[in-house]
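A short write-up of the structure that comes next.
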Amino acid sequence: MPFEDQLGDAMRSTGDGFVPQDSRALLDGALMSGRRRLARRRAATVTGSVVALAAVGLGGAWASGLVGGSSGGSGGSGGASASVAAPPKSTLPDRVSVTAEQMIKNLISLLPPGKTSGERGSGAGQSGDKFMSPTASVVFDDGKGKGSIGISLSTIDPAGESATGYVTCPSKAITDYDHCTAEVLPDGSRFMLFQGYEYPDRREETKNWRATLITPKGVLVDATEYNAAAEKGSTTSRVDPPLTGAQMKTLVTAGVWKTTMAGAKVPRSESVPRGEPSGASMQRELVASLPKGLKVVDQGNEGGYAFAVVDDGKGKSLVGINVQPGMGDVPLQGTVSTLPNGTRVGEEQRPGEKGGAGVVWWTVDTIRTNGLRVVISAFNTGNQSAPATRATPALTMAQLKGIALDPKWETLH
Amino acid sequence: MRKLGQPRQPKQARTDEFLEFASGRANHLFRAACLLTSGDTHLAEDLVQETLGRMYAMWGRISRIDNPAGYAQTILVRTFLTHRRRRSADERPIGELPDRPMTTDEDPALRLALLDALARLAPKDRAVVVLRYWEDRSVEETAEAMRVSSAAVRTRSVRALAKLREHLGGSLAELAAL
């Protein structure tokens with residue numbers, strides 16, 4: 394046996410002898426380390442998380458990647474699936490058998506008269522080592538121009554925050570759109586119709602209309618359409634996407650999708666990350682902390698983040714807060730000081746970075762000795778992407794600091 | 003062309019999917035890390051944690067790539083090499099043996115001899131050995147993972163093998179045959 398092979402064998406047998414002492418702790422540590430990384434990244438864009446999370450309401454991973462991806466073909470595995478993010482494996486419908494061809498056929502059968510092309514899909518099952526949700530997409534032309542339409546089926550904990558995020562209209566403070574309605578249907582399913590844009594800042598006028606249905610059993614049916622033949626980088630070919638809002642609703646509520654997903658296992662229930670207060674309680678506390686005399690014109694939350702848009706009569710001002718445990722090693726930015734109790738405070742005023750003209754962004758970032766981080770930001774606009782509506786935010790740095798240092802964040806759940 | 007970045011998965015779905023991946027890979031990564039650190043299990047745990055943490059932070063993108071498991075191994079090696087740079091000032095003394103008993107009934111003499119020999123290699127040489135002879139990666143794949151040229155990998159391989167041969171001598175075959 395050559396030395397290299399002996400070496401390989403010896404390394405394998407030596408390596409096999411090593412087992413982590415506490416795998417659970419290792420995974421917890423990894424998760425915490427990962428969250429810290431994300432949080433550090435977000436420290437630069439505190440409200441960035443919510444902008445992206447608003448996109449959760451607009452773009453489930455697998456549905457948005459569905460249309461106009463780079464790979465062609467309509468094979469069951471591979472093909473379009475390469476551009477579609479795999480749905481969470483843990484919520485994979487495990488007794489669902491449907492092929493790509495069936496998915497495409499079902500989608501086409503639910504469309505009004507017209508021509509279809511560019512059919513793609515994926516069946517339930519496996520592609521490489523990834524499990525795939527059933528999906529289908531086509532380019533549809535009713536004679537008035539092409540538009541792409543896609544649908545995906547998955548499951549989600551119907552009682553979880555993620556599910557609510559899918560079927561709750563985002564605040565216009567967070568993302569711009571034309572129209573959005575959310576309703577509960579007679580069978581208890583929640584439904585949202587969103588009519589907005591591929592790019593919320595409308596640097597391209599591609600419209601993105603989306604219909605999302607979550608049944609009481611946790612089946613998620615998600616359809617997206619564009620007024621262009623592809624999701625991105627394709628010029629618009631018609632004024633609006635091909636299906637009306639009512640037709641989108643008919644599409645996602647069609648019985649065939651529920652039948653397809655009848656064998657889906659009950660999704661694992663969603664848990665809030667340990668130590669992180671719920672978005673709802675943060676929102677409540679943030680609003681309660683605001684100085685008297687400010688009118689709250691909008692508010693919302695997403696796990697770990699809450700915001701309010703306030704108006705003191707001189708224009709709208711967006712205020713957002715993050716509460717994150719385990720952030721003891723995050724470096725603070727701006728002017729940093731340490732309070733007698735050991736809490737570190739970073740104060741910073743800088744220009745906004747979402748492109749709104751004249752926007753300023755004031756931040757007070759605080760980290761308690763136990764690693765709890767409370768960071769609050771305020772803007773001189775109600776929407777970061779829109780121009781400034783006033784000279785400075787509606788709260789002073791001292792007021793922001795007072796809110797961030799409030800002991801109530803330490804006991805919030 | 004995507005201009006906005008990939009749309010995100012719901013947070014919980016992302017965490018669940020990541021944990022499923024991480025729990026499936028943690029042991030393998032840990033073994034690789036132990037070889038890279040020549041048996042420093044504490045450091046190995048830190049490296050795995052950091053590696054998986056990086057994977058989590060990038061998960062939205064990573065879950066789309068072909069081989070996240072292989073990518074995690076690459077990240078581990080890169081993390082190890084960065085880490086060595088960072089703490090080169092307080093480098094472990096060469097030849098120090100693991101401070102924790104290993105849970106195995108494998109031949110301890112072989113393990114100790116191998117770990118000792120690995121510890122005598124420069125960190126980059128060790129990384130080459132782990133990637134090439136434990137991971138069975140090609141010279142080109144190893145070069146890509148380490149962000150060095152193929153020629154550098156070949157040079158390091160030759161040097162590392164010579165050194166290992168010198169320290170392990172014929173004992174490898176002998177020990178392996180036990």
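Each protein sequence line maps, in turn, to chains A and B.
Residues in the first sequence are numbered from 394 upward in steps of one, following my numbering.
Residues in the second sequence are numbered from 3 upward in steps of one, following my numbering.
Glycine included, every Cβ here is placed at the ideal spot set by N, Cα and C.
Helix or strand or just coil, what does DSSP make of residue i?
{"i": "A:K642", "result": "helix"}
{"i": "A:G745", "result": "coil"}
{"i": "A:C562", "result": "coil"}
{"i": "B:V240", "result": "In the structure displayed, chain B extends from 3 to 180; residue 240 of chain B sits before or after that span and is not available."}
{"i": "A:K794", "result": "helix"}
{"i": "A:G589", "result": "strand"}
{"i": "B:R4", "result": "Only weak support exists for where B:R4 lies, its pLDDT of 28 falling under 50; the value from the coordinates is given anyway. It is coil, neither helix nor strand."}
{"i": "A:R513", "result": "strand"}
{"i": "A:V354", "result": "Shown here, chain A extends from 394 to 806; a query on residue 354 of chain A therefore has no answer."}
{"i": "B:E168", "result": "helix"}
{"i": "B:Q75", "result": "helix"}
{"i": "A:V716", "result": "strand"}
{"i": "A:T759", "result": "strand"}
{"i": "A:G507", "result": "coil"}
{"i": "B:N29", "result": "helix"}
{"i": "A:Q726", "result": "coil"}
{"i": "A:T629", "result": "strand"}
{"i": "A:L636", "result": "coil"}
{"i": "A:Q777", "result": "coil"}
{"i": "A:S710", "result": "strand"}
{"i": "A:S470", "result": "The pLDDT assigned to A:S470 is 28, lower than 50, so where the model puts this residue is not dependable, and the model offers no usable value."}
{"i": "A:M654", "result": "coil"}
{"i": "B:L84", "result": "The amino acid at residue 84 of chain B is misidentified as Leu; the sequence shows Thr. Looking at B:T84 - three-state DSSP - the assignment turns out to be helix."}
{"i": "A:G427", "result": "helix"}
{"i": "B:D18", "result": "helix"}
{"i": "A:G693", "result": "strand"}
What span of residues does the beta strand (DSSP E) with residue i cover, start to end?
{"i": "A:S770", "result": "R766 to F772"}
{"i": "A:L606", "result": "K600 to I607"}
{"i": "A:H572", "result": "Y570 to V577"}
{"i": "A:D415", "result": "Run containing A:D415: none; DSSP gives neither H nor E here."}
{"i": "A:T736", "result": "That residue, A:T736, is in no beta strand (DSSP E); it is neither H nor E in DSSP."}
{"i": "A:E618", "result": "V612 to Y619"}
Which residue comes first and which comes last in the alpha helix (DSSP H) that contains residue i?
{"i": "B:Y135", "result": "Run containing B:Y135: none; DSSP gives neither H nor E here."}
{"i": "A:G497", "result": "The displayed chain sequence assigns Ile, not Gly, to residue 497 of chain A. Unbroken alpha helix (DSSP H) run through A:I497: A493 to S502."}
{"i": "A:R783", "result": "That residue, A:R783, is in no alpha helix (DSSP H); it is neither H nor E in DSSP."}
{"i": "A:S406", "result": "F396 to D409"}
{"i": "B:D118", "result": "P110 to A121"}
{"i": "A:E678", "result": "G672 to S682"}
{"i": "B:V50", "result": "T43 to A59"}
{"i": "B:D127", "result": "P125 to V131"}
{"i": "A:K801", "result": "K801 to T804"}
Residue j and residue i - do their beta-carbons sit closer together than 8 angstroms?
{"i": "A:R429", "j": "A:G719", "result": "yes"}
{"i": "A:G401", "j": "B:L37", "result": "no"}
{"i": "A:S547", "j": "A:L613", "result": "yes"}
{"i": "B:T53", "j": "B:A74", "result": "yes"}
{"i": "A:T759", "j": "A:R737", "result": "yes"}
{"i": "B:L116", "j": "B:F82", "result": "no"}
{"i": "A:V716", "j": "A:W802", "result": "yes"}
{"i": "A:V757", "j": "A:L793", "result": "yes"}
{"i": "A:P635", "j": "A:D571", "result": "no"}
{"i": "A:T608", "j": "A:M585", "result": "no"}
{"i": "A:I542", "j": "A:E494", "result": "no"}
{"i": "A:G672", "j": "A:A699", "result": "yes"}
{"i": "A:T509", "j": "A:V531", "result": "yes"}
{"i": "A:G727", "j": "A:D705", "result": "no"}
{"i": "B:V141", "j": "B:R156", "result": "yes"}
{"i": "A:A622", "j": "A:K539", "result": "yes"}
{"i": "A:A517", "j": "A:I497", "result": "no"}
{"i": "A:Q777", "j": "A:G745", "result": "yes"}
(Q) Assess contact between the stretch 698-711 of chain A and the stretch 21-30 of chain B, defined as three or more Cβ pairs (one per stretch) separated by less than 8 angstroms. Is contact present? (A) no
Q) How about the stretch 128-135 of chain B and the stretch 160-167 of chain B: do they share at least three Cβ pairs that are nearer than 8 angstroms? A) yes
Q: For the stretch 505-516 of chain A and the stretch 603-619 of chain A, state whether three or more C-beta atom pairs, one from each stretch, are separated by less than 8 angstroms.
A: no
Q.
Runs of 4 residues minimum, wholly inside the stretch 523-548 of chain A: which ones carry the alpha helix (DSSP H) assignment?
A. none
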